[in-house]
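A quick write-up on the structure given underneath.
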Amino acid sequence: MTATATLAPVRTDPTPAADHRARRAHQRRRSLVNHLLVAPALLLSVLVVVVPGVLTAMAAFTDWTGVGFHADYVGLRNFRDILADPVFATALGNNVTWLALFLTAPAAVGLLTAALLLHRRRTRTFYQVLFLMPYVLAPVVNAMVWLSIIYNPNGGVTGALHISSPLADVHGALYAAAAVDMWHYWGFLTVVYLGAMRQTPLEQVEAAVVDGAGTWQVFRHVHLPSIRPTLLLMGVMTVIFSFLAFDYVYLLTQGGPAHGSEVMGTYAYAFAFSAFQFGKAAAVGIIMSFFGLIASCVYTWMSRRQLAS
Amino acid sequence: MSRSGIRVLGAGLAAMAVVLSACSGGSSSASGGRQTLQLWFWGASPQQQKTMKEVLVDGFDKSQSKYDLKVTFNNAVDKNVQVALSANEGPDIVYGSGPAFSAAYAVQNKLADMTPYAKKYGWKDRILAPMYESGTVHGKLYSLPNSINNLGVFYNKKVLAELGVGVPATYAELTAAMDKAAKAGMYPSVTGNKGWKPVNQNYISMFLTHVAGGKTVYDALQGTTKWTDPKIVKAVDDSAAFYKKGYLGGKDYANLNFQESMQLLAQGKSPFFFGPTLAFQFASDSFNDAAGNTSDLGFAPFPNITPGLPSPSGTLGTTASLSVNAHSAHKDGAAEVIDYMMSDTFAQRMNKTWPGYWGVPLKNFDLDPASYTGLSKAYVQSVKDTVATVGKGNYGFFAGTFFPPATATAFTDIDGVWLGTESTTDFLDKIQTTFAAEKAKDLVPPVPEPAG
Chain A
1 MTATATLAPV RTDPTPAADH RARRAHQRRR SLVNHLLVAP ALLLSVLVVV
51 VPGVLTAMAA FTDWTGVGFH ADYVGLRNFR DILADPVFAT ALGNNVTWLA
101 LFLTAPAAVG LLTAALLLHR RRTRTFYQVL FLMPYVLAPV VNAMVWLSII
151 YNPNGGVTGA LHISSPLADV HGALYAAAAV DMWHYWGFLT VVYLGAMRQT
201 PLEQVEAAVV DGAGTWQVFR HVHLPSIRPT LLLMGVMTVI FSFLAFDYVY
251 LLTQGGPAHG SEVMGTYAYA FAFSAFQFGK AAAVGIIMSF FGLIASCVYT
301 WMSRRQLAS
Chain B
310 MSRSGIRVLG AGLAAMAVVL SACSGGSSSA SGGRQTLQLW FWGASPQQQK
360 TMKEVLVDGF DKSQSKYDLK VTFNNAVDKN VQVALSANEG PDIVYGSGPA
410 FSAAYAVQNK LADMTPYAKK YGWKDRILAP MYESGTVHGK LYSLPNSINN
460 LGVFYNKKVL AELGVGVPAT YAELTAAMDK AAKAGMYPSV TGNKGWKPVN
510 QNYISMFLTH VAGGKTVYDA LQGTTKWTDP KIVKAVDDSA AFYKKGYLGG
560 KDYANLNFQE SMQLLAQGKS PFFFGPTLAF QFASDSFNDA AGNTSDLGFA
610 PFPNITPGLP SPSGTLGTTA SLSVNAHSAH KDGAAEVIDY MMSDTFAQRM
660 NKTWPGYWGV PLKNFDLDPA SYTGLSKAYV QSVKDTVATV GKGNYGFFAG
710 TFFPPATATA FTDIDGVWLG TESTTDFLDK IQTTFAAEKA KDLVPPVPEP
760 AG
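Protein chains in written order, with our numbering: chain A, 1 to 309; chain B, 310 to 761.
See the structure below:
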């Protein structure tokens, strides 16, 4: 018998150092691929958002006219002028009013309608399309419809009722413009809220019903907590949009009469395209963005807190 | 911000300009051996676009063999031109809101000096001196107005007859007629700024002319009189009193535009419409031969409010301005188009179907109203009358044409005084501050001195 020495297969396990190197090389490759994949979007964002954003921030400290490349540094003069202008205070106040209106009226109507449609399984698609129609129409079309049919003193609803059009009233114009914007917006909220409500776990709803909860109690204690993230997101979006409000105000009142419906968007537009004062327009733009930024930060903070809990 | 910061801003803006120019698609190109010339125009109605095509585009193309003219219509033309010029791009022929806007572009070297073309084509000899001068900056010509414009009183003859009043020759007669109309349940006058807030500039300009006088406004534009001068204060106060009495569109000033106002005038719901002669183009939908009421519409000068001012007088303005893009590859062609538009033949043909917009500011505006039909007849007559008034030096200034941009924008806010949200003193202090800043930057266009 010969002893045969059989060599057990040698496992050539890499050393920890080699293993670490390989893993790092793999990570580098993956990182490179990830960066390459994200590069187009990043480049586009830099070109379309960051560069104009930085230029706008810089222009806010100059007297740039918006024509040509010459601009002189004026320090904080644009901001001082704006803050000293009573029209700015009116515009800012109107933006806050706009925010208060949009956080309440369309949200309440949207929630109510969504809750009602939740139980209309067969017809809710039809209603959603119907309610969404103003939202998909161009703002200029909606504005023309309201100007011609509702606010027209000769042939419109206000004329037929022999009441003055609120668009001509210093104190009513903002609300009249907001009414049109809310009319176009609430249908969108309805669709979003309905979609969120439909995600509520059915067993929770059934359990509540079995426990004797009524319709209001099911809505209050089951659906509402369930759609809280959606409510929060739409609330933050509303805050951002409210400080960027422009189209309906411009189309319906152009900020008038006597700046009664002026918002920061129309205030900045007049500087930029009527008075050739792009520096001031940029300064107003920065102030507008500041409020949106605060809303975004609050949203991020709340989302993180929610995730942590 | 340091000098380097400004350089970074400049470099950034230049980079943006490159991006914009890449997106713009270029302004001129060769087609069949002829070069294409671009003109961007506001979004005129289909009928007006047809007239432009037949008279301007086809007429110019046939008049020479080097160029093809292309006109693009867009309601956002002012904004588009501003953005394009910033990027050293844009159309060959620059259409603008008036000499004040052209001056703002000229100081930034966006417009070509047209003085050599003025000499070549003899524009100075052909065009009304105030109109020609309004387009100059530091003695060089940068723009020419396409049409003279005057603010006055449109009236419906039938309604005046119904009310038993004549065409008002004095301010007292005018207000008496409006009071009578109000008592009869009509609007005292119809007009409004719906959709275009700068309409306010028409009415404050009118009061500056007929209360303070053209000479006072001229002095204010020279900087020798302040905008807080008592005569100007009175003009602002009088305009506010006029508004508060409902003499500007009753309670519906913010709910009416020119088109609707002309409809109401034609329907006999008011005896008057106060506005610029360019409103003839809005009137043609309501006063026309098909409706059989063309001859009902009349136009008269607005009467002076302050006694002793030259009479009759008008508030001089332009409807738009025409310039040559400094970065156009076809400056000669662009100047040729402008020259084509500064002619009797062009004015004659355009006014056949498009009254209100083509009162070419020629010294010898030799159009015969009798050879026109429809509203063109009344419009051509109104231009002839305006030219005669200008010849005598009896005019004031329309803010949108002759005031620097920020000052003109500040005058748009006159409705604050009318509605009582701002005092006359605060309003004029703001005007004075804004004007002083623009004057320091040399943004005040040269204005011709009126007689009184």
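The beta-carbon is built from N, C-alpha and C at its ideal position, and this holds for glycine as well.
Could you compute how far the alpha carbon of residue i sits from the alpha carbon of residue j?
i, j, result
"residue 498/B", "residue 579/B", "6 Å"
"residue 180/A", "residue 408/B", "37 Å"
"residue 32/A", "residue 26/A", "10 Å"
"residue 457/B", "residue 682/B", "21 Å"
"residue 693/B", "residue 375/B", "34 Å"
"residue 708/B", "residue 611/B", "17 Å"
"residue 529/B", "residue 107/A", "53 Å"
"residue 305/A", "residue 203/A", "27 Å"
"residue 570/B", "residue 470/B", "20 Å"
"residue 124/A", "residue 117/A", "6 Å"
"residue 61/A", "residue 83/A", "14 Å"
"residue 363/B", "residue 713/B", "35 Å"
"residue 640/B", "residue 399/B", "13 Å"
"residue 617/B", "residue 486/B", "23 Å"
"residue 188/A", "residue 22/A", "52 Å"
"residue 334/B", "residue 272/A", "Below a pLDDT of 50, predicted positions are generally treated as unreliable, and residue 334/B, at 42, falls in that range; the measurement from the model is reported next regardless. Answer to the nearest angstrom: the Cα atoms are 24 Å apart."
"residue 705/B", "residue 343/B", "44 Å"
"residue 675/B", "residue 267/A", "45 Å"
"residue 474/B", "residue 162/A", "29 Å"
"residue 387/B", "residue 219/A", "52 Å"
"residue 303/A", "residue 411/B", "52 Å"
"residue 28/A", "residue 282/A", "41 Å"
"residue 665/B", "residue 57/A", "44 Å"
"residue 572/B", "residue 635/B", "42 Å"
"residue 152/A", "residue 309/A", "54 Å"
"residue 480/B", "residue 467/B", "21 Å"
Starting from the beta carbon of residue i, find every residue of chain B whose beta carbon is closer than 8 Å, and list them in chain order.
i, result
"residue 66/A", "391 and 395"
"residue 259/A", "722, 725 and 730"
"residue 168/A", "560, 561, 562, 563 and 564"
"residue 315/A", "As shown, chain A starts at 1 and ends at 309. That puts residue 315/A outside it, with no answer to give."
I think residue i touches residue j, with their Cβ atoms under 8 Å apart; what is that distance to the nearest whole Å?
i, j, result
"residue 110/A", "residue 190/A", "5 Å"
"residue 463/B", "residue 567/B", "The pair is not a contact, with the Cβ atoms about 10 Å apart (cut-off 8 Å)."
"residue 719/B", "residue 739/B", "6 Å"
"residue 196/A", "residue 230/A", "4 Å"
"residue 346/B", "residue 379/B", "7 Å"
"residue 194/A", "residue 114/A", "4 Å"
"residue 669/B", "residue 679/B", "Actually they do not touch by this definition, with Cβ atoms about 19 Å apart."
What are the partner residues of residue i, as DSSP defines its beta bridges?
i, result
"residue 464/B", "581/B and 607/B"
"residue 374/B", "None; residue 374/B has no bridge partner."
"residue 454/B", "630/B"
"residue 446/B", "449/B"
"residue 436/B", "671/B"
"residue 623/B", "704/B"
"residue 511/B", "According to DSSP, residue 511/B bridges with nothing at all."
"residue 405/B", "630/B"
"residue 62/A", "73/A"
"residue 348/B", "380/B and 402/B"
What does residue i touch in chain B if you count any residue whose Cβ is under 9 Å from its own?
i, result
"residue 154/A", "561, 564, 565, 569, 572, 573, 576 and 578"
"residue 299/A", "Per Cβ cutoff of 9 Å: no residues; residue 299/A is ~30 Å from chain B at best."
"residue 195/A", "Those within 9 Å of residue 195/A in chain B number zero; the least Cβ separation is about 36 Å."
Using the beta-carbon of each residue, which ones in chain A are nearer than 7 Å to residue i?
i, result
"residue 552/B", "By Cβ distance, chain A contributes nothing, its closest Cβ being about 11 Å from residue 552/B, past 7 Å."
"residue 718/B", "270, 274 and 275"
"residue 714/B", "274, 275 and 276"
Along chain A, in chain order, which residues have C-beta atoms closer than 8 Å to that of residue i?
i, result
"residue 388/B", "273"
"residue 414/B", "67"
"residue 762/B", "A query on residue 762/B cannot be resolved here, the shown segment of chain B reaching from 310 to 761 and no further."
"residue 748/B", "Correct list: empty, because the minimum Cβ distance to chain A is about 14 Å."
Going along chain B in order, which residues have a C-beta closer than 7 Å to the C-beta of residue i?
i, result
"residue 151/A", "564"
"residue 289/A", "Residues of chain B passing the Cβ test: none, with the nearest at roughly 18 Å."
- Query: Can at least three beta-carbon pairs, one atom from the segment 744-755 of chain B and one from the segment 407-416 of chain B, be found at a separation below 8 Å?
  - Reply: yes
- Task: Say whether the segment 440-456 of chain B touches the segment 625-643 of chain B, bearing in mind that this needs 3 or more beta-carbon pairs closer than 8 Å, one atom from each stretch.
- Result: yes
**Meets three-Cβ-pair contact criterion under 8 Å: the segment 154-170 of chain A and the segment 76-95 of chain A** = no
Within 8 Å, do at least three Cβ pairs link the segment 731-744 of chain B to the segment 425-443 of chain B? no
| said: Quick test of the definition: if touching needs 3 or more C-beta pairs under 8 Å, does the segment 252-271 of chain A touch the segment 489-507 of chain B? | reply: yes
Is it the case that the segment 544-551 of chain B contacts the segment 716-733 of chain B, given that we only count it when at least three CB pairs across the two stretches are under 8 Å?
yes
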